[in-house]
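Student: Quick one: the structure is below, and I'll ask about it shortly.
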Amino acid sequence: MHQARDISEHERTLLALREGQERLNAALEASRTGTFSWNLQTGVSHLDENLVRLFGMAPTQTQTTVEGFLPLVHPEDRQALLTNTQRSLNEGADFEMEFRVVWPDQSVHWFYSRGKTSFDQAGRPDSMIGACVDITERRRLVESEALALDKAREENRFRRLLEAAPDAILEVDAQGQIVLMNQVAETMFGYSREELLGMNVESLVPAAMRGNHQRHRASYRTSPQTRSMGIGLELKAQRKDGSLFPVEISLSPNWIDGTLHVIALVRDISERKESQDRLRAIQERYAAQLFAANQQLEARNEEVENANRLKSEFLASMSHELRTPLHTIIGFSELLIEELEGPLNAKQKRFVGHVLQDARHLLQLINEVLDISKIEAGRLELQREAFDFAVCLGEALAGIQSQALAKNIRIENRNTFSDLLYADRLRIKEILYNLLSNAIKFTSNGGLVWIESVADESFLRVTVADTGIGIPPEEQTAIFEKFYQVGMSTSGVREGTGLGLPITKNLVELHGGRIWVESQPGHGSRFTLTLPLQGQQS
Ligand code: ADP
Numbered sequence: 417m418h419q420a421r422d423i424s425e426h427e428r429t430l431l432a433l434r435e436g437q438e439r440l441n442a443a444l445e446a447s448r449t450g451t452f453s454w455n456l457q458t459g460v461s462h463l464d465e466n467l468v469r470l471f472g473m474a475p476t477q478t479q480t481t482v483e484g485f486l487p488l489v490h491p492e493d494r495q496a497l498l499t500n501t502q503r504s505l506n507e508g509a510d511f512e513m514e515f516r517v518v519w520p521d522q523s524v525h526w527f528y529s530r531g532k533t534s535f536d537q538a539g540r541p542d543s544m545i546g547a548c549v550d551i552t553e554r555r556r557l558v559e560s561e562a563l564a565l566d567k568a569r570e571e572n573r574f575r576r577l578l579e580a581a582p583d584a585i586l587e588v589d590a591q592g593q594i595v596l597m598n599q600v601a602e603t604m605f606g607y608s609r610e611e612l613l614g615m616n617v618e619s620l621v622p623a624a625m626r627g628n629h630q631r632h633r634a635s636y637r638t639s640p641q642t643r644s645m646g647i648g649l650e651l652k653a654q655r656k657d658g659s660l661f662p663v664e665i666s667l668s669p670n671w672i673d674g675t676l677h678v679i680a681l682v683r684d685i686s687e688r689k690e691s692q693d694r695l696r697a698i699q700e701r702y703a704a705q706l707f708a709a710n711q712q713l714e715a716r717n718e719e720v721e722n723a724n725r726l727k728s729e730f731l732a733s734m735s736h737e738l739r740t741p742l743h744t745i746i747g748f749s750e751l752l753i754e755e756l757e758g759p760l761n762a763k764q765k766r767f768v769g770h771v772l773q774d775a776r777h778l779l780q781l782i783n784e785v786l787d788i789s790k791i792e793a794g795r796l797e798l799q800r801e802a803f804d805f806a807v808c809l810g811e812a813l814a815g816i817q818s819q820a821l822a823k824n825i826r827i828e829n830r831n832t833f834s835d836l837l838y839a840d841r842l843r844i845k846e847i848l849y850n851l852l853s854n855a856i857k858f859t860s861n862g863g864l865v866w867i868e869s870v871a872d873e874s875f876l877r878v879t880v881a882d883t884g885i886g887i888p889p890e891e892q893t894a895i896f897e898k899f900y901q902v903g904m905s906t907s908g909v910r911e912g913t914g915l916g917l918p919i920t921k922n923l924v925e926l927h928g929g930r931i932w933v934e935s936q937p938g939h940g941s942r943f944t945l946t947l948p949l950q951g952q953q954s
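Numbering of the sequence shown is given in the working numbering, commencing with residue 417 and proceeding in unit increments.
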């Protein structure tokens, strides 16, 4: 009775134990967990049947070693597994890590593993007991969630980029239907997102241009690359309300699963065009104003030229009229002073002398005025002939001889040109005379004046130089202008007309030559002129 009770108690305990064991097993199996116990003395690890199954091993393979197990571990996790194990044995800490096992069919299984080390009395680790949970499913879930999150983030970024663009962006599929657009596109074209999605892109093109647009789309498909659309054309787009606006469009190909989508960037250039038009209008207005002003100016110019010509013509005829009586005055004064018709007393002689001197001066003045007005009226014509330049120079020198003598100025003739010159003889003499008489006029008593003339192949170069007062650099151009005299502004009007040099310059230029001056105040002046020898008659 006692024994029977004992047995039944023992059996109950066994029964309870077995039940507990079965429950545990069921729980382990349900949670995809397997256990192991590793004897560190023998190096043998015992795996329960769950773990054997989870690791994809043969059902009988319940015992293994580190060397036997390691080849099942994913190559990338092997080193970490060894290091972690070693560390927990050394430090007596719990073993914990995630690693992968590769089944014979090459499928990969993730495990979360924990193990606890026990130590013998000497404090040496002698065993490790632990469990591995198959977390493949959970990891896959987590990974796909992360992937989905990444994708969502990516899409979000793309959206933001799309919406941040200042231009309308439209993606059009192979059939010409809009499959994607941004907010700008909605406002620009006046359609809602729902209306735009699936709409044919042709609806955004003005009716008159649709035919062209279809051709354009077809040609784009033959060479799809990023480029501007309709370069040089005035592109227009059409809003929902039918109104048109100018645009600039840039196209990019976007291959989706082997079919060509086109992304169009559309920019509304109304404002730019308006400001361009405004600018053009302003430019045109200014151009018109400028044109009118120019015409007025031309008319004024013509008037001024006419007036100038009239003045010159008047002067020319007046001078002519003035010369005739002057010749009479000069001629009769000369007769009187020569006393051929009877003697004059000293006073009378002096008076007639004054009349003669001033009449001659007046004649010179009139001659110069006549010359300049003839030149300005374009009526001065050269009478060219071939003549001996040396003789002509001799005559000019003779003409100024008395002036030079009166001031005791020495004149040197350094002419080397002994050929014939083809030019207006009287005018050349006038040029030389003007320069020489200026040289004497502006050189003090006892000075020196000389004339050099040299010919090269194409020019005769004549220089009249003096040791006189010279000309300040800032006045060296002005002296060739009409009525200009050096120091005019400070010392008032002087003897002379200020016409000699302008006439000389004009005569030289009429001959095709040039004239210029080099001078240092106080050290004399050098007037040089050139006369072309080409066109000379031989
Ligand atoms: P005019 O001699 O009748 O005053 P010109 O036209 O011949 O007129 O000369 C203009 C001015 O140039 C002169 O008044 C003088 O001031 C200056 N000038 C001309 N030749 C000389 C010279 N050889 N030396 C210094 N000054 C000169």
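Built from N, CA and C at the ideal position, the CB exists for glycine as well.
(1) Taking only the alpha-carbon atoms, compute the straight-line gap between Asp493 and Arg516 and give it to the nearest angstrom.
(2) Measuring straight from C-alpha to C-alpha, what distance separates Gly938 and Thr832?
(3) Quick test of the definition: if touching needs 3 or more C-beta pairs under 8 Å, does the segment 570-584 touch the segment 544-557?
(4) Find out if the Cβ-Cβ distance for the pair Asp510, Leu456 is shorter than 9 Å.
(5) Check whether the Cβ of Leu681 lies closer than 9 Å to any Cβ atom in chain C.
(6) Can you name the start and end residues of the beta strand (DSSP E) that Gly929 belongs to?
(7) Does any heavy atom of the ligand ADP sit closer than 8 Å to the C-beta of Tyr900?
(8) Going by DSSP in three states, Tyr607 sits in which element: helix, strand or coil?
(9) Do you know whose CA, among Leu557, Ile665 and Val678, lies nearest Asn616's CA?
(10) Applying the criterion that 16 or more other CB atoms from any shown protein chain within 10 Å of the CB defines a buried residue, is Asn628 buried or exposed?
(11) In the structure shown, what three-state DSSP assignment does Ser639 receive?
(12) Looking only at its chain, what residues have a beta carbon closer than 8 Å to the beta carbon of Arg776, apart from the 5 residues adjacent to it on each side?
(13) For the ligand ADP, I want to know if Lys823 counts as a neighbour, meaning its beta carbon is within less than 8 Å of at least one of the ligand's heavy atoms.
(14) Thr920: buried (16+ other C-beta within 10 angstroms of its C-beta) or exposed?
(15) Look at Ser659 and Arg643 and say whether their C-beta atoms are less than 9 Å apart.
(16) For Met473, collect the residues of the same chain with a Cβ closer than 6 Å to its Cβ; drop the 5 residues on either side in sequence, then sort them by chain order.
(17) Which parts of the segment 754-811 are runs of the alpha helix (DSSP H), unbroken and 4 residues or longer, counting only runs that do not cross its ends?
(18) Going by beta carbon distance, what residues of the same chain come within less than 6 Å of Asp589, once the five residues before and after it are set aside?
(19) What does Trp519 pair with, by DSSP beta-bridge criteria?
(20) Which runs of the alpha helix (DSSP H) spanning at least 4 residues fall entirely within the segment 798-885, listed in chain order?
(21) Check whether the Cβ of Lys845 sits closer than 8 Å to any heavy atom of the ligand ADP, and report yes or no.
(22) Leaving aside the five residues before and after Glu611 along the sequence, list all residues of the same chain whose C-beta is less than 8 Å from its C-beta, in chain order.
(23) Is Leu782 near the ligand ADP, in the sense that its beta carbon is under 8 Å from a heavy atom of that ligand?
(24) Taking only three categories from DSSP, how would you classify Arg633?
(25) Buried or exposed: Gly863, going by 16 or more other Cβ atoms within 10 Å of its Cβ?
(26) Nearest CA to the CA of Gln591: which residue from Ala601, Phe574, Asn572 and Arg637?
(27) For Ala400 versus Gln593, is the C-beta spacing smaller than 9 Å?
(28) If we call anything under 9 Å between Cβ atoms a contact, is Ala881 one with Glu868?
(29) Roughly how many angstroms separate the alpha carbons of Asn922 and Phe858, rounded to a whole number?
(30) Can you tell me the Cα-Cα spacing of Gly484 and Gly459, whole angstroms?
(31) Where Gly508 and Thr481 are concerned, what is the direct C-alpha to C-alpha distance, given to the nearest angstrom?
(32) Check for me: the beta strand (DSSP E) holding Ser461 runs from which residue to which?
(33) Pair every Cβ in the segment 800-814 with every Cβ in the segment 825-841, then say whether three or more of these pairs are closer than 8 Å.
(34) Relative to the C-alpha of Leu751, which candidate in Leu706, Glu438, Ile816 and Gly769 has its C-alpha closest?
(35) Taking the straight line between their C-alpha atoms, what separation do you get for Gln753 and Leu760?
(36) Roughly how many angstroms separate the alpha carbons of Thr603 and Ile698, rounded to a whole number?
Tutor: By the coordinates alone:
(1) Here residue 493 refers to the residue found at position 77 of the sequence shown. Here residue 516 refers to the residue found at position 100 of the sequence shown. CA-CA distance, Asp493 to Arg516, rounds to 7 Å.
(2) Taking the first residue of the sequence shown as position 1, residue 938 is located at position 522. Taking the first residue of the sequence shown as position 1, residue 832 is located at position 416. Gly938 and Thr832 have their C-alpha atoms spaced approximately 28 Å apart.
(3) No: the two stretches stay apart, fewer than three of their Cβ pairs being nearer than 8 Å.
(4) In the sequence shown, the residue the question calls residue 510 occupies position 94. In the sequence shown, the residue the question calls residue 456 occupies position 40. For Asp510 and Leu456, no; Cβs fall outside 9 Å.
(5) Here chain C cannot be found, since the structure has a single protein chain.
(6) Numbered from 1 along the sequence shown, position 513 holds the residue referred to as residue 929. Counting along the chain, no beta strand (DSSP E) covers Gly929, and no H or E run does either.
(7) For the purposes of this step, residue 900 is taken as residue 484 along the sequence shown, with counting starting at 1. Relative to the ligand ADP, the beta carbon of Tyr900 is positioned inside 8 Å of a heavy atom.
(8) Along the sequence shown, read from residue 1 onward, the residue named residue 607 stands at position 191. Collapsing the DSSP output to three states places Tyr607 in coil.
(9) Taking the sequence shown and counting its residues from 1, the one referred to as residue 616 is at position 200. It is Val678.
(10) Translated into positions along the sequence shown, residue 628 becomes position 212. By the 10 Å Cβ count, Asn628 comes out exposed.
(11) Taking the sequence shown and counting its residues from 1, one reaches residue 639 at position 223. DSSP places Ser639 in coil when its eight states are reduced to three.
(12) Counting from 1 along the sequence shown, the entry for residue 776 is found at position 360. For Arg776, where only same-chain residues beyond five positions count, the Cβ hits under 8 Å are Ile746.
(13) Position 407 of the sequence shown, counting from 1, holds the residue named residue 823. The closest heavy atom of the ligand ADP lies 8 Å or more from the beta carbon of Lys823.
(14) Your numbering for residue 920 matches position 504 in the sequence shown. With 16 or more other Cβ atoms within 10 Å, it is buried.
(15) Here residue 659 is taken as the residue at index 243 of the sequence shown, counted from 1. Here residue 643 is taken as the residue at index 227 of the sequence shown, counted from 1. A distance of 9 Å or more separates the beta carbons of Ser659 and Arg643.
(16) If you number the sequence shown from 1, residue 473 lands on position 57. There are no such residues.
(17) Along the segment 754-811, the alpha helix (DSSP H) occurs as fully enclosed runs of 4 or more residues at 762-792, listed in sequence order.
(18) Position 173 of the sequence shown, counted from the start, is the residue given in the question as residue 589. Excluding its 5 nearest sequence neighbours in each direction, Asp589 has C-beta neighbours in its own chain below 6 Å: Val595 and His677, listed in chain order.
(19) Counting from one through the sequence shown, the residue named residue 519 turns up at place 103. None, per the DSSP bridge assignment.
(20) Segments of the alpha helix (DSSP H) lying fully in the segment 798-885: 805-822 and 841-857.
(21) Here residue 845 refers to the residue found at position 429 of the sequence shown. Every heavy atom of the ligand ADP is 8 Å or more from the Cβ of Lys845, so no.
(22) By 1-based counting over the sequence shown, the position of residue 611 is 195. The beta carbon of Glu611 sits closer than 8 Å to those of Lys656, all from its chain and outside the five residues before and after it, given in chain order.
(23) One-based indexing of the sequence shown puts residue 782 at position 366. Here residue 782 turns out to be Ile, not Leu, going by the sequence shown. Not one heavy atom of the ligand ADP falls within 8 Å of the beta-carbon of Ile782.
(24) Against the sequence shown, residue 633 aligns to sequence position 217. Three-state DSSP puts Arg633 in a helix.
(25) Stepping through the sequence shown from its first residue, residue 863 is reached at position 447. With 16 or more neighbouring CB atoms inside 10 Å of its own CB, Gly863 falls in the buried class.
(26) The residue given as residue 591 occupies position 175 in the sequence shown. Measuring C-alpha to C-alpha distances from Gln591 to each of Ala601, Phe574, Asn572 and Arg637 identifies Arg637 as the nearest.
(27) Outside the displayed span of the chain (417 to 954) sits residue 400, for which this structure offers no information.
(28) Here residue 881 refers to the residue found at position 465 when the sequence shown is read from its first residue. Here residue 868 refers to the residue found at position 452 when the sequence shown is read from its first residue. Contact flag set, yes.
(29) One-based indexing of the sequence shown puts residue 922 at position 506. One-based indexing of the sequence shown puts residue 858 at position 442. Rounded to whole angstroms, Asn922 to Phe858 spans 22 Å at the Cα level.
(30) In the sequence shown, counting from the first residue as 1, residue 484 sits at position 68. In the sequence shown, counting from the first residue as 1, residue 459 sits at position 43. Cα atoms of Gly484 and Gly459: separation of roughly 11 Å, rounded to the nearest angstrom.
(31) Against the sequence shown, residue 508 aligns to sequence position 92. Against the sequence shown, residue 481 aligns to sequence position 65. Rounded to the nearest angstrom, the two C-alpha atoms are 20 Å apart.
(32) The residue you call residue 461 lines up with position 45 of the sequence shown. Run containing Ser461: Ser461 to Leu463, per the beta strand (DSSP E) assignment.
(33) The segment 800-814 vs the segment 825-841: in contact.
(34) Working through the sequence shown from its first residue, we reach residue 751 at position 335. The shortest C-alpha separation from Leu751 is found at Gly769.
(35) Counted from its first residue, the sequence shown places residue 753 at position 337. Counted from its first residue, the sequence shown places residue 760 at position 344. According to the sequence displayed, residue 753 carries Ile and not Gln. Distance between the alpha carbons of Ile753 and Leu760 is about 8 Å.
(36) Residue mapping note: residue 603 aligns to position 187 of the sequence shown, counting from 1. Residue mapping note: residue 698 aligns to position 282 of the sequence shown, counting from 1. Straight-line spacing of the CA atoms in Thr603 and Ile698 works out to 32 Å.
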